[in-house]
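What follows is a short report on a single structure.
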Amino acid sequence: MSEKLWQGRFSAKTARIVEAFTSSIQVDRRLYAYDIQGSIAHCKMLAKTMIISDDEALELIRGLEIIKNEIETDRFQFNDSLEDIHMHIESRLVEIAGPVAQKLHTARSRNDQIALDVRMYLRDETCRIIHLLYKLQKVIVALARKHLDTILPGYTHMQRAQPILLSHHLMAYFEMFSRDMERLENCLLRINVMPLGCAALAGTTYPIDRKFTAELLGFDAISANSIDAVSDRDFIIEFLSTAAICMVHFSRLSEELILWSTFEFNFIELPDSFATGSSIMPQKKNPDVPELVRGKTGTVIGSLTTLLTMMKSLPLAYNRDMQEDKAPLFSAVDTLAACVEIYTDMLPEIKFKKENMQRAASSGFLNATDLADYLVNRGVPFREAHRLAGEAVSFALEKKRELHELTLEQLQSFSARIRQDIFSCLTPRQMVEQRTSYGGTGGKMVARAIAAAERQLDQKKDYLPGGRG
Ligand code: ARG
């Protein structure tokens, strides 16, 4: 490989240890395709504005395409002494195209170049993750539709609270992932702004046409301030915060699946293909996938923290610190995408143990609120009704009975307004069905929410960003 492209100012060679320390090629080589695509657009713009000739542009583009092919067929030599992907490609271009290659970097700096590459990369990955989430959403809605009559206890404070439909519970995750998708789409607005042409930090003396380059690369806008453009990493932080929130959603779902698959809960059975056994305890089937998703949530939150900490107090404009943004970003992208994909595959394979769920919903005084509501409907003020129902619970506990197992006379000892029809109000099914308020767990409401979600997904199909329908 040739000597360093910035060697001019230096009289001594870079120390080996420094080369190794400053090199980012093992991380940023992943950006090669964007780097080349950006350089090709840059060449076309330089030719259009007559900063270089058409022939020179063609030669440069031909060389860049050869390099792309070399990288993709594993014939390209990566080498720590060349620092990063930009230097690797440019050095190789000198070898392939000769002196004309020296013109590629006209009106450009690595500072705007890296910002461009990362934006192009993140634009693609954000679109890909939106598509993956879309598929997950379809799976969640289909599962919710299947479980419109599966009842389980809903919990608050991890204590049995009130019976709910499993489909309602699943649709809660639909809502969370919908917000995540919205957030990602919103991130795209600020990712898709083109920094190229801002050069090192101050812009350039050449008569460049940034709009033209932006059009070639599919950017909706160009950055308005060159200093900001080379030092802004907000778009990464925004993506990472969205990724972290989305992972937090997955971690909650994971925690529930882990709990539900315990012997103590016994609400679900995870598919064998998504679990592992123990090397010492033959009876074990471990929920590795949800556990790892729960654990990986920490690494994605870590990526966000890394970026925030790295950017905090950094003076304008570009600082080398910012090279540290890529490893956490790539890791978060890979992790989030993998989690979305594995959940999309795993969810339909989970066996929900309906009888166990239903049985759990029938004990533990989940109907205490409904006893109070019954009294309210017969004219007792809510606070008073709440107290009476509480006394009934206490009495039933003493008798080792559930509320619906008390006799009518026993119940009437708390309020004379209680009639035989109380018993039909205290079954889990009745309790669910009575919750008909908008957004509640009543079957009709949930069916409506599912239908709305299906429509929403159907309409969205043709409008997913990146056109990868
Ligand atoms: N490898 C650098 C990064 O990832 C690219 C820009 C470096 N610019 C510079 N003047 N050293 O941030």
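Just so it is clear: in the sequence shown, position 449 is 1067 by our numbering, and no numbers are missing. Beta carbons: idealized from backbone N, C-alpha and C, even for Gly.
Distance between beta carbons of residue j and residue i, contact taken as under 8 Å
i, j, result
"residue 767", "residue 653", "Incorrect: roughly 55 Å between the Cβ atoms, too far for contact."
"residue 950", "residue 858", "6 Å"
"residue 786", "residue 1059", "4 Å"
"residue 679", "residue 714", "Not quite, the Cβ-Cβ distance comes to about 12 Å (not below 8 Å), so this is no contact."
"residue 993", "residue 979", "That pair is no contact at about 22 Å."
"residue 955", "residue 746", "7 Å"
"residue 810", "residue 838", "5 Å"
"residue 1092", "residue 842", "Limits of the chain in this structure are 619 at one end and 1087 at the other, which puts residue 1092 out of reach."
"residue 865", "residue 930", "Incorrect: roughly 22 Å between the Cβ atoms, too far for contact."
Chain-order list of residues whose beta-carbon lies under 7 Å from that of residue i (same chain, five-residue window excluded)
i, result
"residue 856", "805 and 808"
"residue 1087", "Unreliable placement is indicated for residue 1087, whose pLDDT of 32 sits below 50; the coordinate value is still reported in the next sentence. If we look at residue 1087 and ignore the five residues flanking it on each side, its Cβ neighbours are 1079 and 1080."
"residue 926", "855"
"residue 754", "795, 958, 961 and 962"
"residue 902", "895 and 896"
"residue 656", "731, 734, 735, 738, 814 and 835"
"residue 1050", "769, 781, 782, 783, 1059, 1060 and 1061"
"residue 643", "696, 698, 700, 701, 702, 703 and 706"
"residue 985", "1021, 1022, 1044 and 1049"
"residue 623", "705, 708 and 709"
"residue 981", "1020"
"residue 727", "817 and 818"
Bridge partners - residue i, DSSP secondary structure assignment
i, result
"residue 1060", "Looking at the DSSP assignment, residue 1060 forms no beta bridge with any residue, so it has no partner."
"residue 904", "894"
"residue 777", "774"
"residue 782", "770"
Coarse secondary structure for residue i, derived from DSSP in three states
i, result
"residue 843", "coil"
"residue 668", "coil"
"residue 662", "helix"
"residue 769", "strand"
"residue 899", "coil"
"residue 887", "strand"
"residue 1026", "helix"
"residue 969", "strand"
"residue 811", "strand"
"residue 995", "helix"
"residue 816", "coil"
"residue 656", "helix"
"residue 1074", "helix"
"residue 1008", "helix"
"residue 634", "helix"
"residue 735", "helix"
"residue 619", "A caution first: residue 619 carries a pLDDT of 45, below 50, which makes its placement in the model unreliable, though a value can still be read off. Looking at residue 619 - three-state DSSP - the assignment turns out to be coil, as it is neither helix nor strand."
"residue 1086", "Low confidence applies here, because residue 1086 scores a pLDDT of 38, under 50, leaving its location unreliable and the question unanswered by this model."
"residue 867", "helix"
"residue 692", "coil"
"residue 933", "coil"
"residue 824", "coil"
Beta-carbon proximity list for residue i, same chain, < 8 Å, skipping 5 on both sides
i, result
"residue 826", "663, 664, 667, 669, 725 and 815"
"residue 932", "849, 939 and 940"
"residue 758", "788, 789, 791, 792, 795 and 965"
"residue 968", "875, 886, 887, 888 and 889"
"residue 634", "none"
"residue 750", "955, 958, 959 and 962"
"residue 1030", "1036"
"residue 1054", "1060, 1062 and 1063"
"residue 773", "779"
"residue 1056", "1063"
"residue 799", "748, 751, 752 and 755"
"residue 694", "685, 688, 706 and 710"
Residue i Cβ short of 8 Å to the ligand ZN heavy atom set
i, result
"residue 810", "Absence of the ligand ZN is noted for the structure shown, with the ligand ARG being the only ligands found."
C-beta atoms of residue i and residue j nearer than 9 Å
i, j, result
"residue 888", "residue 875", "yes"
"residue 700", "residue 711", "no"
"residue 732", "residue 650", "no"
"residue 991", "residue 1077", "no"
"residue 756", "residue 1075", "yes"
"residue 760", "residue 935", "no"
"residue 860", "residue 917", "no"
"residue 851", "residue 840", "no"
"residue 1088", "residue 1037", "Outside the displayed span of the chain (619 to 1087) sits residue 1088, for which this structure offers no information."
"residue 778", "residue 983", "yes"
"residue 1083", "residue 863", "no"
"residue 975", "residue 771", "yes"
"residue 1032", "residue 1010", "yes"
"residue 972", "residue 884", "no"
"residue 924", "residue 942", "yes"
"residue 879", "residue 905", "yes"
CB contact check: residue i to chain C, cutoff 9 Å
i, result
"residue 708", "Absent from the structure: chain C. Only one protein chain is present."
6 Å Cβ shell around residue i - same chain, five flanking residues per side excluded
i, result
"residue 944", "645 and 646"
"residue 911", "868, 872 and 957"
"residue 822", "725"
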